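There are 2 protein chains.
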Amino acid sequence: MQNQQVLTKNQKIVLDIIEKSSQPLKAYSILFDVKKKGINAPLQVYRALDKLVEIGKIHKIESRNAFIACKNSKCQITKATVFSICENCEDVKEIHDHKLSEHLKHYKDNKGMKYSKYNLEFFGLCKKCINK
Amino acid sequence: MQNQQVLTKNQKIVLDIIEKSSQPLKAYSILFDVKKKGINAPLQVYRALDKLVEIGKIHKIESRNAFIACKNSKCQITKATVFSICENCEDVKEIHDHKLSEHLKHYKDNKGMKYSKYNLEFFGLCKKCINK
DNA sequence: TTAATTTTTGTTATAATATAACACTATGTA
DNA sequence: TACATAGTGTTATATTATAACAAAAATTAA
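Protein chains in written order, with numbering that gives the first Met the number 0: chain V, 0 to 131; chain H, 0 to 131.
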């Protein structure tokens with residue numbers, strides 16, 4: 000059962016930090032936070048992050064080099080991610096829009112490419128930041 | 000006329016390198032290439048890249064930290080980019096699909112966010128790499 | 001239960017990507 | 001001319017990420 004994977008100690012520690020944050024965290028800020036738990040080196044964090052991304056527990060926000068927990072409980076959504084990013088306050092939210100994901104899932108180009116994954120990032124201003 | 004901008008010397012040199020490549024280039028590989036033209040420091044490259052991205056002459060492939068020329072001659076497409084990326088050979092192509100971009104352009108979430116930009120990256124295997 | 005294999009760990013060192021700060025130059029514009 | 005704006009060149013440094021290696025832990029297979 001790939002999405003009921005047992006996590007190792009380091010993976011749990013890192014996931015825990017990310018899940019407690021509503022916003023994406025950067026690797027070195029995670030490192031800072033987990034030092035008290037005995038994780039000392041960047042590589043220990045990056046290894047955990049890699050694994051967590053792989054199994055779909057977290058996603059990487061590519062344009063920000065930051066990591067956010069996947070709120071989707073079924074959590075096999077490593078392959079199709081959509082985010083909205085406020086360029087003022089940097090608030091990030093994962094978007095689950097059925098119509099949009101159907102559209103993207105079925106997208107086919109004319110180059111014979113076989114897609115297995117996509118990542119979409121919307122940028123703009125959130126409600127709060129518009130009214131400033 | 001914002002998209003008929005006059006480029007400076009460094010901007011021209013960097014754009015030239017990127018336009019000559021069919022594939023995305025990384026900043027330090029660009030730096031290596033332009034040393035013979037008198038550009039010596041990373042910052043000179045990054046500044047040119049920033050400007051070129053800003054005016055839509057090039058795009059950044061976020062998941063690869065690399066830069067590719069925008070082939071669209073009208074070139075006001077800084078705001079809506081779609082790429083396909085082969086995960087085996089790293090071949091990258093910009094996708095121009097009217098239906099898809101209309102769909103994305105008109106996307107509205109229920110959070111009151113105002114979008115001004117998006118970036119979509121499709122990952123998979125290109126024709127060549129499937130048949131290996 | 002041992003041995004073999006795979007995965008994870010801990011560690012040091014280093015690579016790759018990107019920006020800060022500052023003094024100076026060029027260009028535009030009022 | 002004076003002023004503002006944008007770009008330059010430079011040094012130093014910050015930030016993000018991986019290589020390489022030895023050891024420990026977990027898994028699997030005989």
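Glycine is no exception: its CB is placed at the ideal position from the N, C-alpha and C atoms.
Model, not experiment: these values are computed from the prediction.
Between the C-alpha atoms of Met112 of chain V and Glu89 of chain V, what's the straight-line distance to the nearest angstrom? Position 113 of the first sequence holds residue 112 of chain V. Position 90 of the first sequence holds residue 89 of chain V. Between Met112 of chain V and Glu89 of chain V, the C-alpha separation is close to 33 angstroms.
DSSP three-state label for Ile29 of chain V, please. Residue 29 of chain V sits at position 30 when you count from the first residue of the first sequence. Note: Ile29 of chain V maps to helix in three-state DSSP.
C-beta contact flag for Tyr27 of chain V and Phe121 of chain H at 9 angstroms: As a working note, residue 27 of chain V is residue 28 in the first sequence. As a working note, residue 121 of chain H is residue 122 in the second sequence. No. Outside cutoff.
If the cut is a Cβ gap below 8 angstroms, which residues of chain H does Tyr106 of chain V touch? On the first sequence, residue 106 of chain V is found 107 positions in, with the first residue counted as 1. Those are Asp96, Leu99, Phe121, listed as they occur along chain H.
For Ile94 of chain V, I'd like the list of residues in its chain whose CB is within less than 7 angstroms of its CB, leaving aside the five on either flank, ordered along the chain. Within the first sequence, numbered from 1, the residue matching residue 94 of chain V stands at position 95. Contacts found: Val81, Phe82, Ser83.
With 16 other Cβ atoms within 10 Å as the buried cut-off, status of Leu14 of chain H: As a working note, residue 14 of chain H is residue 15 in the second sequence. With 16 or more Cβ atoms within 10 Å of its Cβ, Leu14 of chain H is classed as buried.
With a threshold of 9 angstroms between beta-carbons, can Cys125 of chain V be considered close to chain H, or not? Your numbering for residue 125 of chain V matches position 126 in the first sequence. Output row for Cys125 of chain V: interface = yes.
Just verifying my parser: in three-state terms, what is the DSSP assignment at Tyr106 of chain H? Numbered from 1 along the second sequence, position 107 holds the residue referred to as residue 106 of chain H. Here Tyr106 of chain H sits in coil by DSSP.
Local conformation of Asn9 of chain V per DSSP, three classes: Locating residue 9 of chain V in the first sequence gives position 10, where the first residue counts as 1. Reduced to three states, the DSSP call for Asn9 of chain V is helix.
Would you say Leu14 of chain V faces chain H, with C-beta separation under 9 angstroms as the test? Here the question's residue 14 of chain V lines up with position 15 in the first sequence. It does not: the Cβ of Leu14 of chain V has no partner Cβ on chain H nearer than 9 angstroms.
Looking at the C-beta of Leu103 of chain H, does it have a partner C-beta in chain V at a distance below 9 angstroms? Translated into the one-based positions of the second sequence, residue 103 of chain H becomes position 104. Under the Cβ criterion of 9 angstroms, Leu103 of chain H is counted among the residues facing chain V.
Roughly how many angstroms separate the alpha carbons of Ile57 of chain V and Gly123 of chain H, rounded to a whole number? Position 58 of the first sequence, counted from the first residue, corresponds to residue 57 of chain V. Position 124 of the second sequence, counted from the first residue, corresponds to residue 123 of chain H. Using only the alpha carbons, I get a separation of about 20 angstroms.
Does any residue of chain H have a CB that is nearer than 9 angstroms to the CB of Gly55 of chain V? Sequence index remark: in the first sequence, residue 55 of chain V carries index 56 (1-based). No, because no Cβ of chain H sits closer than 9 angstroms to the Cβ of Gly55 of chain V.
Is there a Cβ of chain V sitting closer than 9 angstroms to that of Asn118 of chain H, yes or no? The sequence position of residue 118 of chain H within the second sequence is 119, counting from 1. Yes - at least one Cβ of chain V is within 9 angstroms of the one on Asn118 of chain H.
Helix, strand or coil at Glu89 of chain V [DSSP, three-state]: As a position in the first sequence, residue 89 of chain V is number 90, starting the count at 1. In the structure shown, Glu89 of chain V sits in coil (DSSP, three-state: anything other than H, G, I, E or B).
For the beta strand (DSSP E) holding Ala47 of chain V, just list the boundary residues, first then last. Here residue 47 of chain V refers to the residue found at position 48 when the first sequence is read from its first residue. Not the beta strand (DSSP E): Ala47 of chain V falls in the alpha helix (DSSP H), residues 41-53.
Closest by C-alpha distance to Glu53 of chain H, when choosing among H:Glu18, H:Gln4, H:His97: By 1-based counting over the second sequence, the position of residue 53 of chain H is 54. Selected option, being the one with the closest Cα: H:Gln4.
Among H:His105, H:Lys11, H:Asn64, whose alpha-carbon lies nearest the alpha-carbon of Lys98 of chain V? Position 99 of the first sequence, counted from the first residue, corresponds to residue 98 of chain V. Answer by Cα proximity: H:His105.
Sort V:Ile38, V:Pro23, V:Ser62 by Cα distance to Lys70 of chain V and report the nearest one. For this step, residue 70 of chain V is matched to residue 71 along the first sequence. Measuring C-alpha to C-alpha distances from Lys70 of chain V to each of V:Ile38, V:Pro23, V:Ser62 identifies V:Pro23 as the nearest.
Is there a C-beta anywhere in chain H that falls below 9 angstroms from the one on Lys92 of chain V? Taking the first sequence and counting its residues from 1, one reaches residue 92 of chain V at position 93. True, the Cβ-Cβ gap to chain H drops below 9 angstroms.
Per-residue DSSP class, three states only, for Ile17 of chain H: Within the second sequence, the letter at position 18 stands for residue 17 of chain H. Ile17 of chain H: helix per DSSP, three-state reduction.
With a cut-off of 9 angstroms, does the C-beta of Cys85 of chain V fall near any C-beta of chain H? Start at 1 with the first residue of the first sequence, and residue 85 of chain V comes out as number 86. Cys85 of chain V counts as touching chain H.
Answer with buried or exposed for Thr51 of chain V, where buried requires no fewer than 16 other C-beta atoms within 10 angstroms of its C-beta. For the purposes of this step, residue 51 of chain V is taken as the residue at position 52 of the first sequence. The question names Thr, but residue 51 of chain V in the sequence shown is Leu. With 16 or more Cβ atoms within 10 Å of its Cβ, Leu51 of chain V is classed as buried.
Of all the options V:Leu119, V:Lys127, V:Ile129, which has the alpha carbon lying nearest to the alpha carbon of Glu61 of chain V? By one-based count along the first sequence, residue 61 of chain V stands at place 62. When only C-alpha atoms are compared, the closest one is V:Leu119.
Secondary structure of Gly97 of chain V, DSSP reduced to three states: As a working note, residue 97 of chain V is residue 98 in the first sequence. The sequence given here has His at residue 97 of chain V, not Gly. Looking at His97 of chain V - three-state DSSP - the assignment turns out to be helix.
Terminal residues of the alpha helix (DSSP H) in which Ile57 of chain V lies: Position 58 of the first sequence, counted from the start, is the residue given in the question as residue 57 of chain V. First-last for Ile57 of chain V: 57-60, but that is the beta strand (DSSP E), not the alpha helix (DSSP H).
Tell me where the alpha helix (DSSP H) around Ile129 of chain V begins and ends. For this step, residue 129 of chain V is matched to residue 130 along the first sequence. Its alpha helix (DSSP H) spans residues 126-129.
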